[in-house]
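In what follows, a single structure is set out as structure tokens and then discussed.
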Amino acid sequence: METIKQYIGDFKLLLEKIECSDLKGGRIDFPVAIGCACVLIRALAGSDLKLMFVGNGGSAAICSHMATDFSKNGGIAALAFNDASMLTCMGNDFGYEYVFEKPVELFAVKGDYLVAVSSSGQSKNILNAVRAARAKDCAVITLSGFNADNPLRAMGDLNFYVPVAHYGYVEVIHQYICHAIIDNLSVNINAR
620 METIKQYIGD FKLLLEKIEC SDLKGGRIDF PVAIGCACVL IRALAGSDLK
670 LMFVGNGGSA AICSHMATDF SKNGGIAALA FNDASMLTCM GNDFGYEYVF
720 EKPVELFAVK GDYLVAVSSS GQSKNILNAV RAARAKDCAV ITLSGFNADN
770 PLRAMGDLNF YVPVAHYGYV EVIHQYICHA IIDNLSVNIN AR
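Okay, so the sequence shown: first residue is 620 according to our numbering, each after it adds one.
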């Protein structure tokens, strides 16, 4: 029972320790960062622009879930680049480190947003996708964890970092962050 209480207590502490920053490394309070994300993403509603998600493993599941929620509940055209046929094709033809870069090159247009989710913040395929999005003049939101100096954490216009090296904690808090954005975005869109 004590282990379970500690586990729950750890989540409470980590939610208070989420770190947010901009592209220049400037610190942003968590509620302000959620608000900024809502403003940025809300601008996509009713346009021809889209929200793209990339992630591996558990992060890929978060991406699929969030692409669905942003489309259905947020009125935002959203997609996750984790279709099995696309992944295996790109992996076979170009190598796994390019499985997200190539779809971003194919589908992204100027003004789109990429949400890059990586627990470690070091996955080459995620970093390559961010570079491809930048080359297409897309804005980027990142979600990472583990080491404070992970490269993904410095690549987004808006960066959310969870300071712990445990997949379960990082993935659940990444999901929480995404829900905080979509739930607040939905409230504002539905209020129109």
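Cβ coordinates follow ideal geometry from the N, Cα and C atoms, glycine included.
Nonlocal neighbours in the same chain, by C-beta distance under 7 Å from residue i, ignoring five residues either side
i, result
"residue 629", "788"
"residue 748", "673, 719, 720, 723, 733 and 735"
"residue 713", "721"
Identity of the residues DSSP links to residue i by a beta bridge
i, result
"residue 638", "780"
"residue 732", "670 and 758"
"residue 678", "Residue 678 pairs with nothing; no bridge assigned."
"residue 737", "763"
Helix, strand or coil at residue i [DSSP, three-state]
i, result
"residue 723", "helix"
"residue 645", "coil"
"residue 673", "strand"
"residue 760", "strand"
"residue 742", "coil"
"residue 663", "coil"
"residue 793", "helix"
"residue 616", "Residue 616 lies beyond the residue range present for the chain, which begins at 620 and ends at 811; the question has no answer from this structure."
"residue 787", "helix"
"residue 620", "coil"
"residue 560", "Shown here, the chain extends from 620 to 811; a query on residue 560 therefore has no answer."
"residue 654", "helix"
Beta-carbon proximity of residue i to residue j, cut-off 7 Å
i, j, result
"residue 761", "residue 746", "no"
"residue 652", "residue 670", "no"
"residue 716", "residue 744", "yes"
"residue 664", "residue 777", "no"
"residue 805", "residue 692", "yes"
6 Å Cβ shell around residue i - same chain, five flanking residues per side excluded
i, result
"residue 786", "738"
Neighbourhood of residue i by C-beta distance below 8 Å, restricted to the same chain and skipping five residues each side
i, result
"residue 810", "Confidence at residue 810 is low in this model, with a pLDDT of 48, below 50, so its placement is unreliable and the value that follows should be read with caution. Taken in chain order, the list of residues that qualify is empty."
So does the stretch 789-804 actually touch the stretch 675-684, counting three or more Cβ pairs closer than 8 Å?
Yes: at least three Cβ pairs fall under 8 Å.
Does the stretch 687-702 touch the stretch 766-783, meaning 3 or more C-beta pairs lie closer than 8 Å?
Cβ pair count under 8 Å is below three, so no.
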